[in-house]
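If you read the protein sequences in the order shown, they are chains V and E.
Heads up, the first sequence is in numbering that gives the first Met the number 0, so the first residue is 0 and it goes up one at a time.
Heads up, the second sequence is in numbering that gives the first Met the number 0, so the first residue is 0 and it goes up one at a time.
Note that beta-carbon positions come from the ideal geometry of N, C-alpha and C, so glycine has one too.
Some notes on the structure that comes next.
There are 2 protein chains.
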Amino acid sequence: MTGALSLSTREALRRLAKAVVVITTSHGGIRYAMAATAVNELSMDPPSMLACVNRTASIHAPLRAGGDFCINILDCEQADVAQACGGLKKGEERFSLGEWGEAEGVPFLANAQANIFCINDMHFSYGSHDVFVGRVSAVTLHGAVDPLIYVDGRYTKALMEAV
Amino acid sequence: MTGALSLSTREALRRLAKAVVVITTSHGGIRYAMAATAVNELSMDPPSMLACVNRTASIHAPLRAGGDFCINILDCEQADVAQACGGLKKGEERFSLGEWGEAEGVPFLANAQANIFCINDMHFSYGSHDVFVGRVSAVTLHGAVDPLIYVDGRYTKALMEAV
């Protein structure tokens, strides 16, 4: 029963279109990056974001250790970075595509649609995941609005014209 | 300083494209509906969703009272429902557009891309918002994948072709 529900939930989630972000952090001199879609604004008082991270993900331990992080909203031209950080590459190799900078020890993707730097403020656990809450500390923007979007199992972009 | 950070965070969030959902619940015989974008998959073990809800929203009290809810992923043809449930209309008037059904006391939007029915399982508070965790109890799907997307302050849809 849970199996059938899990399948139908996954089918529904193919319809929950999302901008693709890469979450980045570092710990002990090692950089981590993970593509994600389960990332949201949380509150504007204070400006804050949340990110759902599977406890099996390599970035989980450094986040659980309290590392500050950056939420990089990918540009529609950065699908290759999404794929690399989505599992195609591992560890430091995830930084072999795209241009990366570092701010106060936190790596960030240059030329992303936006870099939202977050102080790791709290987390809570549910099922297989931890939800990390980040208090926004700085934001940078690049280029016209045209983010990479993940929907129906593929990377695409928005039409941008009103419907 | 917080004001400037709030402004720049809002600018960044215009780039965090999202499918538009309407969260629905009922309490004491009254139906509630609210358009939202801060809704995510949380875990697949168990299948679960989270939704960030401002404590000033009318739907907050019934959710805080433990009401089960439905996450309705809107079709690209349902921008009028998004606008009505996004603030254009209030209370029961939000149900004047679109076709609505009811399942085990929870209202749902017929012909949505998906209806994800959730048992209200837990919540936590942060800043101005409560985050509600729903354990998925049932899912229905309708039509081809073509969700309504909110990006850069407007309703649009995905190109759907791979980039």
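For this session: Within the same chain, show all residues whose beta-carbon is closer than 6 Å to that of residue 138/V, passing over the 5 residues directly before and after it, in chain order.
Result: Contacts found: 115.
Problem set entry | CB contact flag (residue 53/V, residue 107/V, <8 Å) | It is not a contact, given that the beta carbons lie outside the stated cut-off.
For this session: Could you check what DSSP says for residue 133/E in three-state terms: helix, strand or coil?
Result: Assignment of residue 133/E by DSSP, reduced to helix, strand and coil, places it in the strand class.
For this session: From the DSSP output, read off the bridge partner residues of residue 100/V.
Result: DSSP, once it has assigned bridges, lists 107/V as partnering residue 100/V.
Exercise. If you follow the alpha helix (DSSP H) that residue 63/V is part of, which residue opens it and which one closes it?
Worked result: Run containing residue 63/V: 59–63, per the alpha helix (DSSP H) assignment.
Problem set entry | Where residue 51/E sits in the DSSP three-state scheme | It is a strand residue.
For this session: Taking residue 144/V as the query, report the chain E residues whose CB atoms sit under 8 Å from its CB, ordered along the chain.
Result: Residues of chain E passing the Cβ test: 13, 14, 150, 151.
Problem set entry | Own chain residues within Cβ distance below 7 Å of residue 78/V, not counting five before or after | Setting aside the 5 residues that flank it on each side, residue 78/V is surrounded in the same chain by 147, 154, each with a C-beta closer than 7 Å to its C-beta; the list follows chain order.
Exercise. Can you tell me whether residue 111/E is buried or exposed, with buried defined as 16 or more other CB within 10 angstroms of its CB?
Worked result: By the 10 Å Cβ count, residue 111/E comes out buried.
Exercise. So what's residue 73/V in DSSP terms, helix, strand or just coil?
Worked result: Collapsing the DSSP output to three states places residue 73/V in coil.
Problem set entry | For residue 62/V, the nearest candidate out of 117/V, 145/V, 18/V (CA to CA) | The shortest C-alpha separation from residue 62/V is found at 117/V.
Problem set entry | Closer than 7 Å at the beta carbon, the chain V residues around residue 39/E | In chain order: 37, 39, 51.
Problem set entry | residue 80/E: first and last residue of the uninterrupted alpha helix (DSSP H) it sits in | 78–82 is the extent of the alpha helix (DSSP H) around residue 80/E.
For this session: Would you mind reading off the limits of the beta strand (DSSP E) that contains residue 21/E?
Result: Residues 20–26.
Exercise. So, does the CB of residue 55/V fall closer than 8 Å to a CB anywhere in chain E?
Worked result: With 8 Å as the cut-off, residue 55/V does not count as an interface residue toward chain E.
Problem set entry | Local conformation of residue 140/V per DSSP, three classes | Looking at residue 140/V - three-state DSSP - the assignment turns out to be strand.
For this session: Could you confirm whether any beta carbon from chain V is found closer than 8 Å to the beta carbon of residue 165/E?
Result: Past the boundaries of the shown model lies residue 165/E; chain E is included only from 0 to 162, so the question cannot be answered.
Problem set entry | Where residue 4/V falls: helix, strand or coil (DSSP) | Per DSSP, reduced to three states, the secondary structure at residue 4/V is helical.
Exercise. By DSSP, does residue 40/E sit in helix, in strand, or in coil?
Worked result: For residue 40/E, the secondary structure class from DSSP, reduced to helix, strand or coil, is strand.
Problem set entry | Residues that DSSP places opposite residue 87/V in a beta bridge | Partner residues in a beta bridge of residue 87/V, as assigned by DSSP, do not exist.
Problem set entry | Spatially closest choice to residue 45/E from 74/V, 25/V, 5/V, by CA coordinates | Residue 5/V is the option with its Cα nearest to residue 45/E.
Problem set entry | Three-way DSSP call (helix, strand, coil) for residue 34/E in this model | Correct three-state label for residue 34/E: strand.
Exercise. Does any C-beta atom of chain V lie closer than 8 Å to the C-beta of residue 128/E?
Worked result: Under the Cβ criterion of 8 Å, residue 128/E is counted among the residues facing chain V.
For this session: Give the DSSP bridge partners of residue 162/V, in chain order.
Result: Residue pairing for residue 162/V: DSSP places it in no beta bridge.
Exercise. Should residue 21/E and residue 34/E be called a contact, given that it needs their Cβ atoms to be closer than 8 Å?
Worked result: A contact, by the Cβ cut-off of 8 Å.
For this session: Using a Cβ cut-off of 8 Å (strictly closer), state whether residue 33/E contacts chain V.
Result: No - not a single Cβ of chain V is within 8 Å of the one on residue 33/E.
Exercise. Who are the Cβ neighbours of residue 128/E in its own chain at under 7 Å, not counting the five residues just before and after it?
Worked result: 51, 52, 53, 54, listed in sequence order.
Problem set entry | Helix, strand or coil at residue 12/V according to DSSP, with G and I counted as helix | When secondary structure is reduced to three states using DSSP, residue 12/V falls in the helix class.
Exercise. Which residues bound the beta strand (DSSP E) around residue 116/V?
Worked result: If you look at residue 116/V, you'll find it in the beta strand (DSSP E) that goes 113–125.
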